[in-house]
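First residue of the sequence shown? That's 1 in UniProt numbering, and the numbers climb one at a time after it. C-beta atoms are modelled at their ideal positions from N, C-alpha and C, and glycine is treated no differently. This one's a predicted model, so the numbers in the text were calculated from it and none came from an experiment.
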Amino acid sequence: MKKILTMALIATLGMSGMAFAANESVEALTEVSNSNNRIKVILKEGLGKVNLVVSDLEGKKLHQQTIFVKNDVMVPYNLSELPVGKYQLKVESASKGLNSDVAIYEVERKLTKEELPLMAYRKDLDQDSFKLTVIGLEEPGVTVELKDKRGNMIFEEKIMEKGAFSKIYSMKNMKADEVSVHVTDFRGRSKAF
């Protein structure tokens with residue numbers, strides 16, 4: 001008799017636990033975080049079979065996968081290879097019994113510091129001189145090359161300033177507008193004037 005009562009109690013508790021999980025929505029059992037164009041999707045126990053779809057805002061599917069969630073699962077996505085913009089992450093339950101079958105999250109792919117262009121500016125002061133300004137340098141080591149109209153190197157220097165610098169270049173025997181400037185930072189980003 002004790003054995004039958006114990007089995008009935010275990011079956012009742014097991015069914016109530018399943019009923020609790022069935023009452024939870026997909027959105028309640030899913031966490032999505034975005035940091036440095038890396039998305040973490042945490043699917044919690046009780047979801048069962050789940051379809052994950054990453055698409056652009058026009059609805060074009062970029063990635064799709066099905067996951068069977070038995071325990072808490074973390075699914076990573078790296079958006080750094082995609083163009084900058086907004087994307088949709090759809091978490092859809094393929095299991096029966098969940099109240100909310102779909103949860104849709106909007107995630108954004110942003111420019112990182114490494115992808116930003118080199119910020120360098122040239123301003124002609126008079127016929128013989130110009131001012132070069134470079135800003136936003138995280139590390140020192142900027143190479144400045146001055147070339148004539150034919151592309152021959154006139155002058156080259158490496159400036160070891162962090163953050164920003166500004167320098168005036170004066171030309172002898174040639175006009176400032178006849179000189180092209182090529183600036184390259186330590187990461188290889190470059191700009192030409």
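CA-to-CA, the gap between S35 and F155 works out to about 43 Å. Boundaries of the beta strand (DSSP E) harbouring Q64: 61-69, taken from the DSSP string.
Residue pairing by DSSP places F165 opposite V134 in a beta bridge.
Per DSSP, reduced to three states, the secondary structure at E178 is helical. Using a 10 angstroms sphere on the CB of Y121, the tally of other CB atoms stays under 16, which defines it as exposed. Taken through DSSP and simplified to helix, strand or coil, E58 comes out as coil.
DSSP, read as helix, strand or coil, puts E139 in coil. For K90, the enclosing beta strand (DSSP E) has its first and last residue at 85-93.
A straight-line Cα-Cα distance of about 11 Å links N37 and K86. Around the beta carbon of S93, a 10 Å sphere encloses 16 or more other beta carbons of the protein chains shown; the residue is thus reported as buried. Annotated as distal: T133 and S180, with beta-carbon spacing of 8 Å or more.
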